[in-house]
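Colleague: Pasting a structure here, questions to come.
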Amino acid sequence: MLSQLSPAIRQYLIVTGNYWAFTLTDGALRMLVVLHFHSLGYSPLDIALLFLFYEIFGVITNLVGGWLGAHLGLNRTMNIGLGLQIIALAMLLVPAAMLTVPWVMAAQALSGIAKDLNKMSAKSSIKLLVPADAQGTLYKWVALLTGSKNALKGIGFFLGGALLMLLDFAGAVAAMAVALLLVWIASLITLRKDLGKAKSKPKFRDIFSKSRAINILSGARLCLFAARDVWFVVALPVFLSQTLGWDHWQTGGFLALWVIGYGMVQAFAPRITGKASGRVPDGRAALIWAAVLTSVPVLIALGLGSTIDPATLLIGGLLLFGVLFAINSSLHSYLIVSLARADGVSLDVGFYYMANAMGRLLGTLLSGWLFQAAGLGASGLAACLWVSAALLLLTTLISLALPQASD
0 MLSQLSPAIR QYLIVTGNYW AFTLTDGALR MLVVLHFHSL GYSPLDIALL FLFYEIFGVI
60 TNLVGGWLGA HLGLNRTMNI GLGLQIIALA MLLVPAAMLT VPWVMAAQAL SGIAKDLNKM
120 SAKSSIKLLV PADAQGTLYK WVALLTGSKN ALKGIGFFLG GALLMLLDFA GAVAAMAVAL
180 LLVWIASLIT LRKDLGKAKS KPKFRDIFSK SRAINILSGA RLCLFAARDV WFVVALPVFL
240 SQTLGWDHWQ TGGFLALWVI GYGMVQAFAP RITGKASGRV PDGRAALIWA AVLTSVPVLI
300 ALGLGSTIDP ATLLIGGLLL FGVLFAINSS LHSYLIVSLA RADGVSLDVG FYYMANAMGR
360 LLGTLLSGWL FQAAGLGASG LAACLWVSAA LLLLTTLISL ALPQASD
């Protein structure tokens, strides 16, 4: 069946299938680690520390990974990412006595490197598979890849919980490692060998973008993701659990469904933002949607100080925030692929996703510190939401400088 498709579509499907398989195991592994180590009596802070290196190494990998992709080719960096994830899973198959915090942190660091190599390779390769004059198609393909990835990550949360119940921790990890090994072998055989290799070999100093548009977009992306994670990573789950009395399954299930819905909105973002009428977005679209999103954390924070039922307020606010954030994220994902240079595309995309990872890391650290410093409960969550609004306002202001269609 694949042989009847055009080479570009065939490669797109291979890249997407590769990315999907990785994402499922990534989401499932995160849930497996959280649930397993919680059952062993680890504190929430200990569990959060397990993922600290995952985020830190994401920053480093995106910066260096773009340079590697330009030198080695995106097929190799994507396959290296898959291989590293298999090793990370294998590291968790040691006897239970060896599953110490430093060992699991090391495995998560390797998984973080693998994830960002895989993501950078997948996003960069689409630029090379779509003709330069087919920007509408590029937007649609990027939105489908990004949206399906996030939906599958949410499904991976459920998969991790199900595998833990059916096979126990070691059995679940082993099953995922074997499945990913088969995907890796198929990818080694079918992925185009010269995909994304730069004609002129970039120097290591070229990892830092020299494009004004990409630097501006990267700054906006950093603030956008810090604005999400400053209340989403620590403050929100703890508030749902401790203040509203939700159990772990309710909290985890709700957030997993939120991620799935968020991914579905991302996939349909081109229709929402005007592609159906023949328009592709520019900097003006990113500016408008960022400004609209800024109002949501403000409204939720104000609502927390009112008589509105907090559960109703948060569920409604999260749904609205999720839809608007997904559109913003999808617009940014299209703009970076569109603005990136065709020769050495992975350098620009890697730099941009380095900013994305820095935003996640900043938001995660701020979320825990602010929520605790402001007094836990509604006051702590409100503090995180006000900082989220400030970061979104900064995103909007930075987006004023993004190139527009008339530029």
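According to numbering that gives the first Met the number 0, the sequence shown holds residues 0 to 406 in order. C-beta: ideal position from N, C-alpha, C; glycine also. What you are looking at is a predicted structure, and each value in this text was computed from that prediction instead of being measured.
What does a CB cutoff of less than 6 Å around residue 290 pick up in its chain, not counting 5 residues either side in sequence?
Modeller: 395
Colleague: Just to confirm the assignment, what range does the alpha helix (DSSP H) spanning residue 350 have?
Modeller: 344-372
Colleague: Reducing DSSP to helix, strand and coil, say where residue 307 ends up.
Modeller: coil
Colleague: Here's the rule: buried if 16 or more other CB atoms are within 10 angstroms of the residue's CB, otherwise exposed. What is residue 34?
Modeller: buried
Colleague: Who are the Cβ neighbours of residue 319 in its own chain at under 8 Å, not counting the five residues just before and after it?
Modeller: 295
Colleague: Within the continuous alpha helix (DSSP H) that includes residue 408, where are the two ends?
Modeller: Since the first residue of the chain shown is 0 and the last is 406, residue 408 is not available in this structure.
Colleague: Given this structure, state the Cα-to-Cα distance separating residue 14 from residue 186, to the nearest angstrom.
Modeller: Taking the straight line joining both Cα atoms gives about 8 Å.
Colleague: Less than 8 Å separating the beta-carbons of residue 210 and residue 348?
Modeller: no
Colleague: Taking 8 Å as the cut-off, does the region 223-231 touch the region 385-402 (at least 3 CB pairs, one atom from each stretch)?
Modeller: yes
Colleague: Could you give the distance in angstroms between the alpha-carbon of residue 285 and the alpha-carbon of residue 50?
Modeller: 30 Å
Colleague: Alpha carbon to alpha carbon, how far is residue 25 from residue 103? Give it in angstroms, no decimals.
Modeller: 14 Å
Colleague: For chain D, check one thing: does any of its Cβ atoms lie closer than 8 Å to the Cβ of residue 392?
Modeller: Within the model displayed, chain D is absent; a lone protein chain is all it includes.
Colleague: Can we say the region 105-112 touches the region 154-174, given the rule of at least three CB pairs closer than 8 Å?
Modeller: no
Colleague: Write down the C-beta distance between residue 80 and residue 113 rounded to the nearest angstrom, noting that I regard them as a contact closer than 8 Å.
Modeller: In this structure, residue 80 and residue 113 form a Cβ contact; the two beta carbons are roughly 5 Å apart against a cut-off of 8 Å.
Colleague: Please report how far the alpha carbon of residue 66 lies from the alpha carbon of residue 125, in whole angstroms.
Modeller: 17 Å
Colleague: State the DSSP-derived secondary structure class of residue 6, mapped to helix, strand or coil.
Modeller: helix
Colleague: Which two residues bound the contiguous alpha helix (DSSP H) that contains residue 391?
Modeller: 376-398
Colleague: What does the alpha-carbon distance come out to for the pair residue 261 and residue 71?
Modeller: Approximately 33 Å between the Cα atoms of the pair.
Colleague: In whole angstroms, give me the CA-to-CA distance for residue 16 and residue 27.
Modeller: 17 Å
Colleague: Would you check if there are 3 or more beta carbon pairs closer than 8 Å linking the region 134-141 to the region 325-340?
Modeller: yes
Colleague: Residue 8: buried (16+ other C-beta within 10 angstroms of its C-beta) or exposed?
Modeller: With fewer than 16 other Cβ atoms within 10 Å, it is exposed.
Colleague: Identify, in the order they occur along the chain, each residue of the same chain with its Cβ nearer than 7 Å to the Cβ of residue 351, setting aside the five sequence neighbours on each side.
Modeller: 213, 216, 217, 220, 335
Colleague: Less than 8 Å between the C-beta atoms of residue 379 and residue 371, yes or no?
Modeller: Yes; because the gap between Cβ atoms is below 8 Å, this pair is in contact.
Colleague: If you compare alpha carbons, which of 365, 270, 18 is closest to residue 149?
Modeller: Selected option, being the one with the closest Cα: 18.
Colleague: If you follow the alpha helix (DSSP H) that residue 41 is part of, which residue opens it and which one closes it?
Modeller: In this chain, residue 41 is not harboured by any alpha helix (DSSP H), its DSSP state being neither H nor E.
Colleague: Could you check the C-alpha separation between residue 77 and residue 118 for me, to the nearest Å?
Modeller: 8 Å
Colleague: Anyone know if the C-beta pair for residue 269 and residue 142 falls short of 8 Å?
Modeller: yes
Colleague: Whole-angstrom Cβ separation of residue 407 and residue 162, contact assumed at under 8 Å?
Modeller: Residue 407 cannot be examined here, being either before or after the span of the chain that is shown, 0 to 406.
Colleague: Taking residue 84 as part of the alpha helix (DSSP H), name the residues at either end of that continuous run.
Modeller: In the DSSP assignment, residue 84 falls within the unbroken alpha helix (DSSP H) covering 73-90.
Colleague: If you drop the 5 nearest sequence neighbours on each side, which residues of the same chain put their C-beta closer than 6 Å to that of residue 402?
Modeller: 212, 282
Colleague: Taking only runs that begin and end inside the region 96-133, name each unbroken alpha helix (DSSP H) of 4 or more residues, in chain order.
Modeller: 100-128
Colleague: List the endpoints of the continuous alpha helix (DSSP H) containing residue 212.
Modeller: 211-231
Colleague: Write down every uninterrupted run of the alpha helix (DSSP H) in the region 246-285 whose length is 4 residues or greater and which is fully enclosed by it, in chain order.
Modeller: Those alpha helix (DSSP H) runs which fall completely within the region 246-285 and span 4+ residues are 247-271.
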